[in-house]
Each structure stands twice: as C-alpha cells, then as structure tokens.
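Residue numbers (the numbering used here), protein chains in the order written: chain X, 1 to 151; chain U, 1001 to 1151.
What follows is a single structure, written as structure tokens, with notes after it.
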DNA sequence: TTTGAAATGCCACCGGC
DNA sequence: GCCGGTGGCATTTCAAA
C-alpha cells in the first residue's frame, strides 16, 4: 500500500470530498501552486487507486425513502450465498450487502418509503429468496454519523 | 416531496453518479439537448434538494483499511445516547452511526486496518465510552453490494 | 514536482422563442 | 422548457527547469 500523501494532497482530497466539482484552479489558488501541479497530483492519486472516482450524492428522503433498516439474514446453508446475493442485487432497495461473521450469513442495508413497504420487502422479496431461513430487522431511527475515512 | 423527474433528468443523474466530474456538455451531446438546458435541469434538481452534493470517493483499502465491521452497542440507558454519539464522532474509524430499534441502541459501521486495530478500537475506544454496557461485533468478510437508491 | 503558456473545451448567463 | 451566442474561466498538455 505504498501511497504517500502530503499536506497538499490532503487539501485537494478534502476539498473534493466536500464537492467533487470544485474547480481545480480554485484549489490551486487556495494552496498556492499552479493548476497544472494540482492536476498532476490528482492523476497520481487516481493511478494509485486511492481515488476511486466521484459520485453525485442523492438524498433518498426527497425520493420518499424515509426509512433505513438493517437486516440480518440467516441462510440454510453457506452454499446458497452466491444465489442469494444475485437475488438481492435485483432488489433496488438493497443498497449494501455484506457476508459477515457472527449470527447471520448476510447482512444488508435497505431503504424504504415507509413501514408497509419495509414489511412487503421483507415478507415478499427477501424471505422468499431460496436459502433464506430467517431474518432480523433493525430500523434506523436516527443517523448521526455518515462520512468517509479521513486521509 | 413533489419532485418530478423525467428520462433526461435520469440520464443526467446517472451519468453524474458514475462520475461527478462528467462535463455537462458531454451529457448534453449524449441526450441531444443544449448544455444550457442540462444546466437548468441540474439547478432545478439542486433546488429540489434531490441532489445533495457530490463527493470524491476514496478507496479505504489503499489507505490500509481492509477490515469493515459492524458493532451493535448496548447502552446502560437511553439517556446516554447524545454523549455517546459525541464520543463516537471523535473516533475517525466510525463512518456510520445509527440509533436503532431492536437489540441495541446504537449501531455503527467501522473501518480498521486489521484485527488488532479492531480489538483495540473495541476495547480501548468504544467499550470505555461512558454508558456503553456491551457490544456485539460482526466482521464483513465480503461486500457484494454498495450503491445508491435508483431514480 | 513544479511552472508558464497555449490550445482546446467548458460554464453560466443572456435574450428570445 | 429550450435554444444559440458569448465572455470569461477551466482543463489539459507540453517543454523546461
């Protein structure tokens, strides 16, 4: 993991984490080097794969997705993992899926419009996936932290 | 929640979710309307708050953060929630925190460099937060889905 | 790694439809 | 809602140090 990052790189990264469309020249003026230099540093950071891309962030609430929930899924056998994931990928409300140690085999994060939709998603979409034995659901009532790891 | 989005808006959004720095004019050429029109649509979507911003995405693995874990936290009493969150905010490895129904009061997502760091984080940083009674940890061995809600 | 300069391309704002 | 035009910037590349 030989990626070395100095203070200027940190400023560049932090400005672009706040707003990925910040003009490079405005960062250049802030740190006091030329735009070309910023540009080359960015390319280096991309080549190193530290920068994985940039994303427009949507607010799910504006689309009506007001409920966030986590669901732990018990599988009948570990061998059903791959096929279960395939099915989960087809459910748009599933925004994260992990294979975890501990209680469950699969652990997912989902967004729903309301509790009726959540119930429908659980009973109709998730519970009916082949291999799914049982689920445990935790509804997020409040999210206080949502950030990236710091450089 | 009166935000109506047509096919062109969807294309704009999806292109910018893939790469937030995509030039507006290249989207304009793709959909066959002028850059000015794309620009106006984007402004409308920003005003509607559907677009919450844009972010540079870092790859935590390149920084050495190879372990993702979820930790359920039991609190001695719900009244310690606010102060516990305050302490969690000071732990950079904590990237998400939720107040959840079900077993735990607080549910967090953390990134660590390895299992030793994870243990240290749990025993030294998290367990010692005032009000934290007990924790349950789930390590993610594999993440197969990571996306935003679709428009 | 940095710089300035140059070519190219983009953005953001109009007035008008 | 969309367009074309425009002036001012931004991006990208290059040779040079």
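Built from N, CA and C at the ideal position, the CB exists for glycine as well.
Source: prediction; values computed, not measured.
Residue-chain proximity (residue i, chain U), Cβ-Cβ < 8 Å
i, result
"residue 92/X", "yes"
"residue 151/X", "yes"
"residue 146/X", "yes"
"residue 56/X", "yes"
"residue 6/X", "no"
"residue 71/X", "no"
"residue 122/X", "no"
"residue 118/X", "no"
"residue 17/X", "yes"
"residue 126/X", "no"
"residue 129/X", "no"
"residue 13/X", "yes"
Beta-carbon contacts of residue i that lie in its chain and below 7 Å, excluding the five residues immediately before and after
i, result
"residue 5/X", "151"
"residue 1139/U", "1067 and 1069"
"residue 130/X", "80 and 83"
"residue 64/X", "113"
"residue 1048/U", "1003"
"residue 1118/U", "1067, 1069 and 1112"
"residue 1132/U", "1073, 1075, 1084 and 1126"
Environment of residue i [buried if 16+ CB atoms lie within 10 Å]
i, result
"residue 152/X", "Beyond the ends of chain X as shown, which are 1 and 151, falls residue 152/X; an answer cannot be given."
"residue 1127/U", "exposed"
"residue 55/X", "buried"
"residue 1046/U", "exposed"
"residue 93/X", "buried"
"residue 20/X", "buried"
"residue 60/X", "buried"
"residue 1121/U", "buried"
"residue 1025/U", "exposed"
"residue 147/X", "exposed"
"residue 43/X", "exposed"
"residue 141/X", "exposed"
Residue interval of the beta strand (DSSP E) (run including residue i)
i, result
"residue 109/X", "106-112"
"residue 1147/U", "Note, residue 1147/U: premise wrong, no beta strand (DSSP E); not H, not E."
"residue 93/X", "Where residue 93/X is concerned, there is no enclosing beta strand (DSSP E), given that its DSSP letter is neither H nor E."
Close beta carbons around residue i, own chain, < 6 Å, minus the five adjacent residues each side
i, result
"residue 13/X", "151"
"residue 1050/U", "1003"
"residue 1109/U", "1070, 1095 and 1096"
"residue 1137/U", "1069 and 1071"
"residue 1104/U", "1072, 1073 and 1074"
"residue 134/X", "74"
"residue 91/X", "125"
"residue 52/X", "none"
Cutoff 8 Å: residue i Cβ touching any chain X Cβ
i, result
"residue 1053/U", "yes"
"residue 1083/U", "no"
"residue 1059/U", "yes"
"residue 1132/U", "no"
"residue 1047/U", "no"
"residue 1089/U", "yes"
"residue 1141/U", "yes"
"residue 1074/U", "no"
Bounding residues of the alpha helix (DSSP H) (the contiguous stretch that carries residue i)
i, result
"residue 122/X", "Note, residue 122/X: premise wrong, no alpha helix (DSSP H); not H, not E."
"residue 1050/U", "No alpha helix (DSSP H) holds residue 1050/U; DSSP gives it neither H nor E."
"residue 1075/U", "No alpha helix (DSSP H) holds residue 1075/U; the beta strand (DSSP E) holding it covers 1067-1075."
"residue 31/X", "24-31"
"residue 1018/U", "1007-1018"
"residue 1083/U", "1081-1089"
Close beta carbons around residue i, own chain, < 8 Å, minus the five adjacent residues each side
i, result
"residue 106/X", "72, 73, 75, 81, 84, 85, 88, 97, 98, 99 and 100"
"residue 1031/U", "1008, 1011, 1012 and 1038"
"residue 1028/U", "1034, 1035, 1037 and 1038"
"residue 1114/U", "1066 and 1067"
"residue 41/X", "8, 9 and 12"
Query - Near-chain X residues of the segment 1019-1041 of chain U - C-beta to any C-beta below 8 Å - result: Flagged, chain order: 1019, 1020 and 1021.
Report task. Scan the segment 1091-1116 of chain U for residues whose Cβ lies nearer than 8 Å to a Cβ of chain X and list them as they occur along the chain. Result -> For the segment 1091-1116 of chain U, which is checked against every Cβ of chain X, the residues closer than 8 Å are 1092, 1093, 1094, 1095, 1096, 1097, 1098, 1099, 1100, 1101, 1102, 1103, 1104, 1107, 1108 and 1111.
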